[in-house]
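Reviewing the structure listed below.
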């Protein structure tokens, strides 16, 4: 065990922040942790937009479906899949980029964005700051692209609030690790029982916290995934130039 | 600065491993670091397949286009976008899952997989082990799915080799951080100059290492991205049930 593992093993999302700013030196370290994350074929196909401006954060909170912590936390970092930079690299060689026309192009970019997002969160936690990832910006990615002046071939895939925690959250329990780790080959054995046990465990967790509207996992996931969760993503990725044609 | 930040700031990919095994206690900590990563709407839509079996690693090395380090490193972890578990959760409520029919469903899953992949790498580094992420399994995702017995709604998006490093690699320089961090809004100002400067810096890096076949960044990215990089991804995601229809 070490400090780094402890930091990741204690991950939780916080949604309550004080007004204390995040220092520029801390922010620089957090950004550098993401910058040093690996990317597919050394493409460096990720960018960050760091938002401190309160009006812009208020607008992002609104786009994200009314998430007050986006306006409250002093820093919001938008994580962008960026094939504009690579396209410019190709252009400098007189070559036209094709990979953004493919599902592979989007998948590779989103994966690299996920690595960067994870590093941002781990780095912030290691400095004693709180975080909450915000997928809600995918409710209206084109509005985010406009607000942050993203060029074509850039897609705002997620964001993260960073700040000093006011009322700390508790880490939620998870589905049994046997449903996460599979050795040599995937196995669904025990999945249904693990889901039932987790539903009960999560309800006990909500009750212990006095949270009356807490749902079992299967119910909350059903509420989200019985439809397409964010409906504008396909149109937005295509409009940004990721055509999914190939 | 702290140990966690140092670990991430020193990231590099190693492609040379000794035969020394990775202990089960270490592997357990590495897996748990990924397990504790956040997921969209607490969906827990990621799974890992841990591969130690040499024959299976040899097959994965082959699928990945002949990457000997996949066969050499004692552990390979395949990172899987897993909407099978959520679908089973919905089923337990008598509800049918829809989100996997959408681009959003794939994007959210791949992003969460990226967070898990980043955590695996940071955790392994913190224990003094080396890693190299393997996007090459997307050369033939259906072969990987068959080898690892993945059910429908599971997509093998990446993998990572973990082991004790034999001949350590050097971290490559990167494009200027000004092309990565944008404040308040995205800016392309200075991008072309940054690419030209980076091309020169990377060539100097290759020359200092005596690597005769090293290319400037724009040339290597052009070689990869002037076509669709992995051509079978679209068919494979659709065959696994992520139809991209909505």
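Chains as they are written, first to last, in my numbering: chain V, 212 to 457; chain U, 212 to 457.
Idealized CB from N, CA, C, for every residue including glycine.
In this text, all values refer to a predicted model and were calculated from it rather than measured experimentally.
Just mark residue i as buried or exposed, buried being the case when its beta carbon has 16 or more other beta carbons within 10 Å.
{"i": "residue 288/U", "result": "buried"}
{"i": "residue 427/V", "result": "buried"}
{"i": "residue 424/U", "result": "exposed"}
{"i": "residue 329/U", "result": "buried"}
{"i": "residue 248/V", "result": "buried"}
{"i": "residue 308/U", "result": "buried"}
{"i": "residue 451/U", "result": "buried"}
{"i": "residue 197/V", "result": "One cannot answer for residue 197/V here, as it falls past the ends of chain V, which runs 212 to 457."}
{"i": "residue 278/V", "result": "buried"}
{"i": "residue 415/V", "result": "exposed"}
{"i": "residue 265/U", "result": "exposed"}
{"i": "residue 159/V", "result": "With chain V covering 212 to 457 only, the question about residue 159/V has no answer from this structure."}
Counting contacts by CB-CB distance shorter than 9 Å, is residue i in contact with chain U?
{"i": "residue 372/V", "result": "no"}
{"i": "residue 375/V", "result": "no"}
{"i": "residue 227/V", "result": "no"}
{"i": "residue 247/V", "result": "yes"}
{"i": "residue 273/V", "result": "no"}
{"i": "residue 330/V", "result": "yes"}
{"i": "residue 369/V", "result": "yes"}
{"i": "residue 265/V", "result": "no"}
{"i": "residue 258/V", "result": "yes"}
{"i": "residue 269/V", "result": "no"}
{"i": "residue 412/V", "result": "no"}
{"i": "residue 348/V", "result": "no"}
{"i": "residue 363/V", "result": "no"}
{"i": "residue 424/V", "result": "no"}
{"i": "residue 378/V", "result": "no"}
Looking at chain V, is there any beta carbon in it that lies within less than 9 Å of the beta carbon of residue i?
{"i": "residue 277/U", "result": "no"}
{"i": "residue 310/U", "result": "yes"}
{"i": "residue 316/U", "result": "yes"}
{"i": "residue 428/U", "result": "yes"}
{"i": "residue 445/U", "result": "yes"}
{"i": "residue 395/U", "result": "yes"}
{"i": "residue 353/U", "result": "no"}
{"i": "residue 214/U", "result": "yes"}
{"i": "residue 416/U", "result": "no"}
{"i": "residue 178/U", "result": "In the structure as shown, chain U begins at 212 and stops at 457. Residue 178/U is therefore absent and cannot be evaluated."}
{"i": "residue 437/U", "result": "yes"}
{"i": "residue 281/U", "result": "no"}
Compare the Cα-Cα distances from residue i to each of the options and report the closest residue.
{"i": "residue 286/U", "options": "429/U, 276/U, 424/U and 228/U", "result": "228/U"}
{"i": "residue 290/V", "options": "213/V, 225/V, 261/V and 238/V", "result": "261/V"}
{"i": "residue 399/U", "options": "273/V, 374/V and 364/V", "result": "364/V"}
{"i": "residue 220/V", "options": "226/U, 245/U, 213/U and 225/U", "result": "245/U"}
{"i": "residue 403/V", "options": "326/U, 301/U, 215/U and 263/U", "result": "301/U"}
{"i": "residue 305/U", "options": "440/V, 305/V, 269/V and 430/V", "result": "430/V"}
{"i": "residue 418/V", "options": "383/V, 372/V, 307/V and 343/V", "result": "383/V"}
{"i": "residue 335/U", "options": "216/V, 455/V and 389/V", "result": "216/V"}
{"i": "residue 222/U", "options": "243/V, 223/V and 222/V", "result": "243/V"}
{"i": "residue 432/U", "options": "303/V, 394/V and 263/V", "result": "303/V"}
{"i": "residue 280/V", "options": "370/V, 396/V, 421/V and 443/V", "result": "370/V"}
{"i": "residue 442/U", "options": "368/V, 332/V, 388/V and 312/V", "result": "312/V"}
{"i": "residue 359/V", "options": "270/V, 340/V and 390/V", "result": "270/V"}
{"i": "residue 282/U", "options": "241/U, 240/U, 230/U and 327/U", "result": "230/U"}
Which runs of the alpha helix (DSSP H) fall wholly inside the stretch 343-429 of chain U and span at least 4 residues, in chain order? 352-358 and 402-419
Using 8 Å as the cut-off, can you tell me whether the stretch 343-352 of chain V makes contact with the stretch 438-448 of chain V, which would need three or more C-beta pairs spanning the two stretches below that distance? yes
Across the stretch 427-436 of chain V and the stretch 295-305 of chain U, are there enough close Cβ pairs to call them in contact, namely three or more that are closer than 8 Å? yes
Just to confirm the assignment: which complete alpha helix (DSSP H) runs, minimum length 4, are found wholly within the stretch 308-342 of chain V? 314-337
Is there contact here, the stretch 318-328 of chain V with the stretch 316-327 of chain U, by at least three beta-carbon pairs under 8 Å? yes
Could you say if the stretch 269-279 of chain V and the stretch 402-417 of chain U meet the contact criterion of at least three C-beta pairs nearer than 8 Å? no
Evaluate the contact criterion for the stretch 409-421 of chain V versus the stretch 367-378 of chain V: three or more CB pairs, one atom per stretch, below 8 Å. no
Closer than 8 Å is the cut-off here; do at least three beta carbon pairs connect the stretch 245-258 of chain V with the stretch 232-246 of chain U? no
Run through the stretch 219-306 of chain V for me and flag every whole alpha helix (DSSP H) of 4 or more residues, listed as ranges in chain order. 235-246, 265-274, 279-283 and 295-302
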